[in-house]
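S.K.: Here's a structure for you.
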């Protein structure tokens, strides 16, 4: 929402505490205060978790301008300047909102990568991906989905729901292209905990060769030492067959905001640098 409206919102909170009855003002301030303290002390650091605070900042900013400042003087020029200042503060927020709408209506890199895979890679090919979400949204084969039932048999929690999900996923495959998809992981992770990460395979070129993996999909949103070493080795033994960049200049790079690594950027720098949503995606074909 921009630093201007954040400051105006805080000033509005102070004005509400000063001008309104304590029972009324404390009731209004209590939720954003408690929620923010929870975010700082016990939650994760992603910007999107602060979304429930935005309506309170909007109310606070409106109160500051039109209940507090606007009523200080009766001079028409003064009132005009208050309205003008509030309108100017809205410009950065409105511009980001319009840019976000444009990005939401664009072709996400994951959709573009999905179409490329379906047009250029034969069904049932073996493909390794490094993330459950930052990847082409291609579908696993019926056999792979059926094998996941072995996992639900060993898991007590939500077994019925998970088996139902598998059944619906298999039913949805009718008429669709499917692939043998493997999820890259490393020993330190909790492996096989989620149905969406099965079957998994090590970040290891030899392991890929043994599993007869033909293609590898890498996203530039997430990284860790094991992945960096793997990609370095992969570049020596595989060819890049497709790249999908969400940026205006077409450069393959990670997002500017390395904390809030979502499909939709939060920071202005990342937002305005983009032509579409999604991560940078690279597809490799392993040399034989």
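Numbering (the working numbering), first residue to last: 15 to 302.
Cβ coordinates follow ideal geometry from the N, Cα and C atoms, glycine included.
Since this is a predicted model, take the numbers as computed values, not measurements.
Apply the 10 Å Cβ neighbour rule to residue 297 and answer buried if 16 or more other Cβ atoms are within range, or exposed otherwise.
M.R.: Result: buried.
S.K.: Answer with buried or exposed for residue 128, where buried requires no fewer than 16 other C-beta atoms within 10 angstroms of its C-beta.
M.R.: Residue 128 comes out buried.
S.K.: Do residue 15 and residue 74 come within 9 Å of each other at the CB atom, strictly closer than that value?
M.R.: The answer is no: Cβ separation not under 9 Å.
S.K.: Only counting the same chain, and skipping five residues up and downstream in sequence, which positions put a Cβ closer than 7 Å to that of residue 289?
M.R.: These residues qualify, in order along the chain: 120, 260, 261, 262.
S.K.: Any idea what DSSP makes of residue 271, helix, strand or coil?
M.R.: Three-state DSSP puts residue 271 in coil, outside helix and strand.
S.K.: Could you tell me the boundaries of the alpha helix (DSSP H) in which residue 214 lies?
M.R.: Where residue 214 is concerned, there is no enclosing alpha helix (DSSP H), although the beta strand (DSSP E) it sits in stretches over 214 to 216.
S.K.: Out of curiosity, what's the CA-to-CA distance linking residue 159 and residue 213?
M.R.: Cα-Cα distance, rounded: 9 Å.
S.K.: Would you check if the distance between the CB atom of residue 192 and the CB atom of residue 153 is smaller than 9 Å?
M.R.: For residue 192 and residue 153, yes; Cβs fall inside 9 Å.
S.K.: Rounded to the nearest angstrom, how far is the Cβ of residue 49 from that of residue 67, given a contact under 8 Å?
M.R.: Yes, residue 49 and residue 67 are in contact; Cβ-Cβ is about 6 Å, under 8 Å.
S.K.: Using 10 angstroms around the beta-carbon of residue 100, count the other beta-carbons present and answer buried if the total reaches 16, otherwise exposed.
M.R.: Residue 100 comes out buried.
S.K.: Using a threshold of 9 Å, state whether the C-beta atoms of residue 293 and residue 248 are closer than that.
M.R.: Their beta carbons are not under 9 Å apart, which means residue 293 does not touch residue 248 by this criterion.
S.K.: By the 10 Å Cβ neighbour count, where 16 or more other Cβ atoms means buried, how is residue 144 classified, buried or exposed?
M.R.: Buried: at least 16 other Cβ atoms inside 10 Å.
S.K.: Span of the beta strand (DSSP E) holding residue 161?
M.R.: Not the beta strand (DSSP E): residue 161 falls in the alpha helix (DSSP H), residues 156 to 161.
S.K.: May I have a chain-ordered list of the alpha helix (DSSP H) segments no shorter than 4 residues that lie completely inside the stretch 69 to 145?
M.R.: Listed in chain order, they are 90 to 118, 123 to 134.
S.K.: With 16 other CB atoms within 10 Å as the buried threshold, where does residue 239 fall?
M.R.: Exposed, by the Cβ-count rule.
S.K.: Taking 8 Å as the cut-off, does the stretch 133 to 152 touch the stretch 163 to 173 (at least 3 CB pairs, one atom from each stretch)?
M.R.: At 8 Å Cβ cutoff, the stretches do not touch.
S.K.: How long is the line joining the alpha carbons of residue 108 and residue 166, rounded to whole angstroms?
M.R.: If I take the Cα positions, the gap works out to 47 Å.
S.K.: If residue 70 sits next to residue 19, beta carbons under 8 Å apart, how far is it from one beta carbon to the other, in whole angstroms?
M.R.: With 8 Å as the limit, residue 70 and residue 19 do not qualify as a contact, their Cβ atoms being about 11 Å apart.
S.K.: Should residue 148 be labelled buried (16 or more other beta-carbon atoms within 10 Å of its own) or exposed?
M.R.: Residue 148 should be labelled buried.
S.K.: So, for residue 110: in the same chain, excluding its five sequence neighbours on each side, which residues have a beta-carbon less than 7 Å away from its beta-carbon?
M.R.: 282, 285.
S.K.: Closest to residue 265 by CA distance: which of 255, 254, 287, 157 is it?
M.R.: Cα-wise, what sits closest to residue 265 is 287.
S.K.: Suppose contacts are defined by Cβ-Cβ distances below 9 Å. Is residue 163 in contact with residue 187 by that definition?
M.R.: It is not a contact, given that the beta carbons lie outside the stated cut-off.
S.K.: If you draw a straight line from the C-alpha of residue 26 to the C-alpha of residue 222, how long is it?
M.R.: Approximately 58 Å, taken between the alpha carbons.
S.K.: What are the start and end residues of each continuous alpha helix (DSSP H) run of 4 or more residues lying completely inside the stretch 239 to 267, in chain order?
M.R.: The qualifying runs are 239 to 251.
S.K.: Just confirm the distance between the C-beta atoms of residue 280 and residue 61, as a whole number of angstroms; I'd bet it's less than 8 Å.
M.R.: About 4 Å; that satisfies the 8 Å criterion.
S.K.: So within the stretch 15 to 59, which uninterrupted alpha helix (DSSP H) runs reach at least 4 residues, ignoring any that extend past its ends?
M.R.: The stretch 15 to 59 contains these whole alpha helix (DSSP H) runs: 17 to 33, 36 to 56.
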